[in-house]
Every structure is written in structure tokens, then in C-alpha cells.
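The sequence shown begins at 979 in the numbering used here and counts up one residue at a time. Everything on this sheet refers to the single structure shown next.
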Amino acid sequence: MPEAVYHSDPCLEPSLSNSIARVLLDQSPMHARYAHPRLNLKREPFEVTAAMDFGTALHKLLLGKGAAIVEVKADAYRSAAAKEARDAARESGFVPLLTEAHDRVYECAGAVLEQMKQREDCAEFFAPGRSEAVMIWKKGDIWCRGMVDRLPDDPKAPIFDVKSTGMSANPTEWDRRMVKAYRTQDRFYAQGAKILRGVEPQPMRFIVAEMKAPFAVSVLTPAPTLRSLAEDDVSRAQGMWSNCLKRNEWPGYPHTAHIEAPNWLLREAEEQAMRDDALEYAQ
């Protein structure tokens, strides 16, 4: 299925994707409706950055599937000619890269693949399978969909997701991002795979690749405690989606939120009171 068709949502009814589930959970149904391609036809396209183009090109080289890469022979998008070449490439469905980035992405892909081939936790990535595989499934009364970076033919093998970063791929710096931004992706895709293939796959493997030399790679996977919390999140998001579709109601944030003093602030206040008492006693 072409990527553009997938992102337009080809399901019989507006479907829930992992990204929309995250909007539901992190913001509100109002935001989810606004972000959905079927529910907001006036949705403005997001601005594509040079870093995003690099990530897309790296996906293409690692997965062997995706839009063709086009070199824009310039060192920056300052000139009108460079901007026109970039825009023309995007309009044609290609991925434009400035000369430096174009050369670097091929170097990056080679280094990343070499590291992955030496790692046991990436072995199934190179086994027979499909790249950018689309899954569409029914959960209760709602439709769900997902596009998987790498889906091995073995239904028990882990699903792979490739992420690139201009910063560090050190797992100690990615654990918070995994918890906050990506924790539902594993359980959401695992649910679809189990419904469609009859077997639940191993936990997802997130391959994080640095976009700058030496192009180091880390591999992350959710542990049981995170998977358990994510399972509840997915169930809650699907319930919210079902209710919103049935009622055609998409509320924003709830009414008055009562903000409690956090523990650290209470401790600071208590310590300050003790210091004040000590100072008064000393006088």
C-alpha cells in the first residue's frame, strides 16, 4: 500500500493509529479529531525539515523501500535554484538532500547496517519479511491501523521500528522518550499482529541510529512493567475512540483542574520553615 494511501486512512470508518492514540492520551479527543485525516479535511500539512528528509532517506536505505533520494547540488537552501529543486523533488514524491547530507546518509546507512549485522538483537531484521508493512484490524467496534517498518515473516519474531536522531542514541538518554512518546507503539502493533496472524510477537525492537559520525546504534525494547502500563493505555485509547465516534463528541480538556503542591515543593517549604526556626532560636 502506498504511504500516501495509508496516511489518508483507507479504512471503512475513521480508524485509530498509534499516533492518534498518543494524541488522545497526551492531549484530548479534540486534538485527536483535529489531527485525523478523515475527520479534519482542512488539516494543514506539517512542515518538512531537512532533518526529517535525512531520516526518511535513511529509512529508505535501511528498509529497502520508500521514496527515491535526490541530491540537490548545493550547500544550503539559500538560493532560489536550490529551493526550487527541493520543492520540485518533494512534489514528485522524492526525498531531496543537500550534497553534504546526501553523501552522509549513504555513509550513515552503511555504518548502521554493519553494526546491526553484528548484533544478535537485530538478527530477525535481516530474516525474510516485509518493510513498511500495513496492518489493518478490527478491535471491538473500531478499526485500527499501523505501518510497520520491518515485519518478519515469522509471526513470533519481534517487529522492528527504526528511529534516527541528531543527538545521542545512548539508551540512558532515550529511556524517558521511550516511556513518554513510544510506550504504546509496541502493544498497539502487537495487538494488530496477534489478531491478524494468530500469534503475539516478541516485544518490539526500536533501532535508534545517530545521524552524525560515528553513526552509533542502540537497540531498545520495552520491559514487562512498561508493557503492562502500555497495554492499559492502548485499551483506554481504544475505548475513548469508540465513545467519541459513537457520540460524535470530541471534548477538549476537562473542567477546572485542581493542582496539588508536589512533594518536592512541600519538602522545600518544610526545610525553609526549619531554617527560619533555627535562625529565630539563634537570635
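Note that the Cβ used here is the ideal one computed from N, Cα and C, for glycine as well.
- Task: With DSSP as the reference, label cysteine 989 as helix, strand or coil.
- Result: Within the sequence shown, numbered from 1, the residue matching residue 989 stands at position 11. Of the three classes helix, strand and coil, the one that applies to cysteine 989 here is coil, per DSSP.
- For aspartate 1211, does the three-state DSSP call read helix, strand or coil? The residue labelled residue 1211 in the question sits at position 233 within the sequence shown. DSSP places aspartate 1211 in helix when its eight states are reduced to three.
- Cutoff 8 angstroms; reference alanine 1067; Cβ partners in own chain excluding five residues on either side: By 1-based counting over the sequence shown, the position of residue 1067 is 89. For alanine 1067, where only same-chain residues beyond five positions count, the Cβ hits under 8 angstroms are Val1048, Val1050, Val1073 and Pro1074.
- Query: Where glutamine 1182 and alanine 1028 are concerned, what is the direct C-alpha to C-alpha distance, given to the nearest angstrom?
  - Reply: If you number the sequence shown from 1, residue 1182 lands on position 204. If you number the sequence shown from 1, residue 1028 lands on position 50. Going by the sequence as given, residue 1182 is methionine instead of glutamine. Rounded to the nearest whole angstrom, the C-alpha separation of methionine 1182 and alanine 1028 is 28 angstroms.
- Give a single yes or no on whether isoleucine 1120 has its beta carbon closer than 7 angstroms to a heavy atom of the ligand FAD. For the structure depicted, the ligand FAD is absent and the ligand set is empty, with no information on it obtainable.
- Message: I believe aspartate 1127 touches aspartate 1139 by the beta-carbon criterion, under 8 angstroms. Please report the beta-carbon distance rounded to the nearest angstrom.
- Response: Position 149 of the sequence shown, counted from the first residue, corresponds to residue 1127. Position 161 of the sequence shown, counted from the first residue, corresponds to residue 1139. Going by Cβ atoms, the distance from aspartate 1127 to aspartate 1139 rounds to 5 angstroms, so yes, they are a contact pair.
- Query: How would you write the range of the alpha helix (DSSP H) that isoleucine 1137 sits in, first residue to last?
  - Reply: Counted from its first residue, the sequence shown places residue 1137 at position 159. From DSSP, isoleucine 1137 is part of no alpha helix (DSSP H); its letter is neither H nor E.
- Are the CB atoms of proline 992 and leucine 1019 nearer to each other than 8 angstroms? Working through the sequence shown from its first residue, we reach residue 992 at position 14. Working through the sequence shown from its first residue, we reach residue 1019 at position 41. It is not a contact, given that the beta carbons lie outside the stated cut-off.
- From Leu1039, Gly1033 and Ala1054, residue whose alpha carbon lies closest to that of threonine 1077: Residue 1077 sits at position 99 when you count from the first residue of the sequence shown. Relative to the Cα of threonine 1077, the nearest Cα in the group Leu1039, Gly1033 and Ala1054 belongs to Ala1054.
- Query: Taking all protein chains shown into account, do 16 or more other C-beta atoms lie within 10 angstroms of the C-beta of valine 1157, making it buried, or fewer, making it exposed?
  - Reply: Counting from one through the sequence shown, the residue named residue 1157 turns up at place 179. Exposed, since its Cβ has fewer than 16 Cβ neighbours within 10 Å.
- May I ask you to report which of helix, strand or coil DSSP gives valine 1026? For the purposes of this step, residue 1026 is taken as residue 48 along the sequence shown, with counting starting at 1. Three-state result, valine 1026: coil.
- Query: Would you report the Cα separation of arginine 1154 and proline 1240, rounded to the nearest angstrom?
  - Reply: On the sequence shown, residue 1154 is found 176 positions in, with the first residue counted as 1. On the sequence shown, residue 1240 is found 262 positions in, with the first residue counted as 1. Computed Cα separation, rounded: 20 angstroms.
- Item | CB contact below 8 angstroms: alanine 1063 versus chain C | Among the chains of the structure shown, chain C does not appear; only one protein chain is present.
- Can you have a look at phenylalanine 1032 and say buried or exposed, based on whether 16 or more other CB atoms are within 10 angstroms of its CB? For the purposes of this step, residue 1032 is taken as the residue at position 54 of the sequence shown. By the 10 Å Cβ count, phenylalanine 1032 comes out buried.
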